[in-house]
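S.K.:
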Amino acid sequence: MVLENENYRDLSTLQDKCNKYVYYHTTLTMTDGSTFDGIIESVDRDMITVLVGENVMEDESEEQSNEEQQYAPYRRPRRRYRRFRRRNFPLGALATLALLPYITQSPYPYYY
1 MVLENENYRD LSTLQDKCNK YVYYHTTLTM TDGSTFDGII ESVDRDMITV
51 LVGENVMEDE SEEQSNEEQQ YAPYRRPRRR YRRFRRRNFP LGALATLALL
101 PYITQSPYPY YY
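If you want it as structure tokens, here you go:
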């Protein structure tokens, strides 16, 4: 009985933290050790809905324009896109939750 209460307390603490980070870009770690980043969309009593980001590279088409053929020895790099897919996870499978750190630079070079 005591273990059930501790587990429930931990899940309620984790649920409160998830509710605090709704619509924030977070890093989620599951109990199996997998880690991914995503935006928490909604939190239910036992499920969490996350928009998980994935990288998508632009496909190279066989029909290239003359402009692209001029760069044949030094090809332009393929474009990279970021796509978000909605995924549901059980709240019990979530081990840790943290905000994704963003590093910002000042707009002007401040010399000291």
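Once you know that position 8 of the sequence shown is 8 in the UniProt record's numbering, the rest is easy, because the numbers rise by one and skip nothing.
Beta carbons: idealized from backbone N, C-alpha and C, even for Gly.
These numbers come from a predicted model, not from an experiment.
For LEU99, count neighbouring Cβ atoms within 10 angstroms of its own Cβ and tell me buried if that reaches 16, exposed if not.
M.R.: A residue is called buried once 16 or more other Cβ atoms fall within 10 Å of its Cβ, and LEU99, having fewer, is exposed.
S.K.: Taking 7 Å as the cut-off, decide whether the C-beta atoms of LEU51 and GLU41 are in contact.
M.R.: yes
S.K.: If we call anything under 7 Å between Cβ atoms a contact, is GLU54 one with ARG79?
M.R.: no
S.K.: Sorted by chain position, which residues of the same chain lie with C-beta nearer than 6 Å to ARG83's C-beta, five sequence neighbours on each side aside?
M.R.: GLU54 and VAL56
S.K.: Using a 10 Å radius around the Cβ and a threshold of 16 neighbouring Cβ atoms, would you call GLY33 buried or exposed?
M.R.: It is exposed - the Cβ of GLY33 has fewer than 16 other Cβ atoms within 10 Å.
S.K.: Please name the residue in THR49, TYR23 and ASN19 whose C-alpha comes closest to that of residue 118.
M.R.: No information on residue 118 is available, as it lies outside the stretch 1 to 112 that the chain covers here.
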